[in-house]
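Structure first, commentary second.
Residue numbers (the working numbering): 171 to 433.
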């Protein structure tokens, strides 16, 4: 059904591209910074948070995650080079999504490993907590993606329309189902962690719920990132030319053509 939508239906999403925040040069800088962040958080996750954890299969998770992170770091270094990312802009954007999600997964795993150091922690309780948090993440992704698609169909991402001007107002009410899911999930997780024997609420907040909040935030923005990637493949106006300038949209070309005809 998304194929029925036109370029104008996605126009507002060009904002970060027009401002330069998500230009290939900006993404290259982000990827280079991501190299150091991934290395640092990987070390903290597996050599600090996982040092005394009872979380199951840590060694296996470490081996798989090590090679994946190493591949992401090498690709980030490669796509930080102008001659490379100018030729493969779409893959660079895809890589930026993968790197950002990998950082959130590392932080998420660190929270799980920290829970595994609690006195009342057991393998069964940790696995149950993992499945619960992943289920909440899946529900959050589905609800966010559904909300995003509904707004697209209603024309809230069209530029210059009344719907565009009122989009912020309508989006506020559309967050209600997501907020309900998040609120119920948060209450349930707090009760679950407390039953595992974590008595220090401040430590629990800092080392468990803050990382989980970051993890869920990245899931929340993932649908928009994926739609942006889709737009890059479908519409030329979501890409940059070799000189680093954003291609003009079809609507802009039509308006320019009308001006010429009037003259």
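Even glycine gets a Cβ: it sits at the ideal position worked out from N, Cα and C. None of the values given here were measured: they were computed from a predicted structure.
- Secondary structure note for residue 393: its alpha helix (DSSP H) is the uninterrupted segment 380-404.
- Straight-line spacing of the CA atoms in residue 265 and residue 181 works out to 23 Å.
- Shown here, residue 282 sits in a helix according to DSSP, grouped into three states.
- Shortest Cα-Cα distance from residue 209 to any of 230, 189, 277 involves 277.
- Look at the beta carbons and you see the segment 207-224 touching the segment 273-288: at least three pairs across the two are nearer than 8 Å.
- Comparing C-alpha distances from residue 293 to each of 406, 280, 224, 204 shows the shortest one belongs to 224.
- By the beta-carbon neighbour count (other beta carbons within 10 angstroms, threshold 16), residue 402 is buried.
- According to the DSSP secondary-structure assignment, residue 416 is paired through a beta bridge with 410.
- For residue 179 against residue 328, the beta-carbon gap comes to about 6 Å, under 8 Å, which counts as contact.
- Rounded to the nearest whole angstrom, the C-alpha separation of residue 308 and residue 238 is 22 Å.
- Taking every protein chain shown into account, the CB of residue 191 has fewer than 16 other CB atoms within 10 angstroms, so this residue is exposed.
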